Amino acid sequence: MSLTLPNLPNGNDKSDSRQGIKQISSTEEQGAGKSSERYVIGDLNKSNWNDHPEYATPEYSKADGPNPKLDLLEHLSNDFAELLHRRDISDCCLKVQDTYMSVHRCILAARSNVFANVISNNMVRLKAGQGDQLEKSEKNGILVITVPNTDTETMKQVVLFMYTARCNINEDNAIELLNAAGRFDIKSLKVFSGSFIAEHITLHNVLNLMKSAYDYDNKLVRQKCTAFFIDNAQEIMAMKETWKIFAVNRPDIIAELLYWNVNKEEFHRQKF
1 MSLTLPNLPN
11 GNDKSDSRQG
21 IKQISSTEEQ
31 GAGKSSERYV
41 IGDLNKSNWN
51 DHPEYATPEY
61 SKADGPNPKL
71 DLLEHLSNDF
81 AELLHRRDIS
91 DCCLKVQDTY
101 MSVHRCILAA
111 RSNVFANVIS
121 NNMVRLKAGQ
131 GDQLEKSEKN
141 GILVITVPNT
151 DTETMKQVVL
161 FMYTARCNIN
171 EDNAIELLNA
181 AGRFDIKSLK
191 VFSGSFIAEH
201 ITLHNVLNLM
211 KSAYDYDNKL
221 VRQKCTAFFI
231 DNAQEIMAMK
241 ETWKIFAVNR
251 PDIIAELLYW
261 NVNKEEFHRQ
271 KF
């Protein structure tokens, strides 16, 4: 399946057009005068970029504070954030819905086991189901990886995390980030999103969180959800429709939850 790409840079493109998020408009086939908008992450205007403190690149300072190693790691994160300004040396694009995100193969490969094997054509190294829906194509020497079943905003945060080890996480997007961490096998994002979620488990999300933790082997979230279930089993099972649907779809998880609910002392004795 061929893709029409919006002004992808080629190997001779030396431009450094820091013009904010670049907007590409194309006329739709139906309806004169209407246009669909696509955006490319990259070449971000310095002032716009610094409007977001988590992406900002502060001035270098001497690493002579109480934690010089942490200071150096912070500078490293900021330097990698600067790469998101550089479409001129980007060699890969992620296509998410109508959005193209300029990235770098080496960063994807270093941070994600799934992207590493997709880029190197080592699909046999992936677990069953991993990377199956990712599609590859090439345009002007740029590798294009189409990422389905992921919304644009979630993928932007995933990309930012792969480059900088930080992103915007909140109760609205935490589960999506947890799922993305599992789908793309980004181990540090599993820990980051899992740690956040572990502090925000409720009666209404615990079963969905348990499903994600089970499917993507997130041991921290799985442990925390199990502990929450043990403490609130009666209330959770009282939500009869939700409990019934979940029991039909995921009897494996239900069996584990009920086992630990009966064997509470054994659960609390285990060291995770």
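Take the sequence shown: its position 94, counting from 1, is numbered 94 in UniProt numbering, and each next residue is one higher.
From the three backbone atoms N, C-alpha and C, an ideal C-beta is built for every residue, glycine too.
None of these values were measured; they are calculated from a predicted model.
Query - C-alpha distance - T226 paired with I197, whole-angstrom precision - result: 13 Å
Practice task
Take every Cβ of the segment 152-172, pair it with every Cβ of the segment 74-89, and state whether three or more of those distances are shorter than 8 Å.
Solution key: yes
- Task: Give the single residue among E241, G141, F228, V159 whose Cα lies nearest to the Cα of H268.
- Result: F228
request  = Name the two residues that bound the continuous beta strand (DSSP E) containing residue 273.
outcome  = The chain is shown from 1 up to 272; residue 273 falls before or after that span and cannot be answered.
Cβ distance (whole Å) where A233 is taken to contact N261 below 8 Å
5 Å
(message) What does the alpha-carbon distance come out to for the pair N149 and Q133?
(response) 9 Å
Using only the alpha-carbon positions, how far apart do F192 and K69 sit? 20 Å
**Q.** Range covered by the beta strand (DSSP E) that runs through T242
**A.** That residue, T242, is in no beta strand (DSSP E); its alpha helix (DSSP H) goes 240-249.
Kindly confirm or deny that the segment 168-175 and the segment 85-103 touch, where touching means at least three C-beta pairs closer than 8 Å. no
| task | Please state whether DSSP places S102 in a helix, a strand or coil. | result | strand
Give the DSSP-derived three-state secondary structure of S137 in the structure shown.
-> strand
Smallest Cα separation from Q157: which of M210, N113, A180, V144? A180
Checklist line | Nearest neighbour of Q97, chosen from L73, V144, E138 [CA to CA] | finding: V144
Rounded to whole angstroms, what is the Cα-Cα separation between I107 and A81? 11 Å
> Expressed to the nearest angstrom, what Euclidean distance is found between the alpha-carbon atoms of R222 and L73?
Replying inline: 30 Å
DSSP on L220, reduced to helix/strand/coil?
helix
Quick one: using the 10 Å Cβ neighbour count with 16 as the cut-off for buried, is V147 buried or exposed? buried
Original post:
Buried or exposed: D231, going by 16 or more other Cβ atoms within 10 Å of its Cβ?
Top reply: exposed
For L84 and K224, the rounded distance between their alpha carbons = 35 Å
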